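Some notes on the structure that comes next.
Numbering (the working numbering), first residue to last: 2 to 235.
Now the structure itself:
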C-alpha cells in the first residue's frame, strides 16, 4: 500500500513499510532520487527515496540489529492521513525495545517537506537512541553541486567511504536549491557510491554514535524526544 500526500503541484509517495518516502516532487521536479532497485556488481540493491534510521544510525550490531536499525524494515501503522499530512506509528515487540513508541509525521507544504520523528519511552528504564534520516537527493551534474554556498568537491573515493561533514544548511544543484532545518539532527553525513546520480545528505543525531561509542540520546522513562528534518525548496 503506497500512500500519497500532496499540496498544489507538490507530492510525495510514502510506503508505511519502513515509513519510506519513495519519491518527492516539487512542481514535477524530482528532488529525491526515486526509490528503485539498482544492479551493483552481481547484486541488486535498493537505493533512493528517504528512510528513517531507528533506533540507531550506522552499524548496529552492538544491539543485535542490521545497519540503520529496524525502523526502515518494519510495517508502521497508519494513524492519520490527510491531503498533505501523514502520521505513522511503530511499536516493535522485541526485547529491550518493546517500551519504545515511535511516531513519524510527514507534512507537505507549498515549498517544504517536514519529517518529524517522536520517540517515547513508556517503560521504567532509560532508552538510548541515535537516529537519523537518510534521503537520497537527485542531481544531474556532480560539477554543479554546492553545499552551504560553496562548490562541493565531488570526490567519489571519499564519498563512498562516507564524509562526516558537520552541519549542512543548504544544497544546490543544477535543478534546484534547498535549505535545510533540523531539530536534534545537526551532524550531517554525505555518501554516494556512484552507481547513479544521487547524493545522500543525511542529518544525524551524532554521526554513527553507537558504533563509535560516542554520546547517545537518552530517553528517560515516561518521556519523549523529537527529531525533525525540513527540506525547503527556494
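Where is the CB? At the ideal position from N, CA and C, for every residue including glycine.
Keep in mind the model is a prediction, meaning the values are calculated, not measured.
Residue 161 sits in a helix when the DSSP states are folded into three classes. Secondary structure at residue 93: coil, using DSSP grouped into helix, strand and coil. Leaving aside the five residues that flank residue 202 on each side, the residues in its chain whose CB is nearer than 7 Å to its CB run, in chain order, 136, 138, 169, 172, 189 and 191.
Per the Cβ contact rule, the segment 103-117 is not in contact with the segment 35-43 (fewer than 3 Cβ pairs under 8 Å).
DSSP places residue 24 in the uninterrupted beta strand (DSSP E) bounded by 21-27. For the pair residue 145 and residue 195, the Cα-to-Cα distance works out to about 15 Å.
Here DSSP, grouped into helix, strand and coil, assigns residue 74 to helix.
DSSP places residue 174 in no beta strand (DSSP E); its state is neither H nor E. Residue 130 holds the alpha-carbon nearest to the alpha-carbon of residue 206 among 182, 79, 21 and 130.
By a beta-carbon distance limit of 8 Å, residue 134 contacts residue 53. Their separation comes to about 6 Å.
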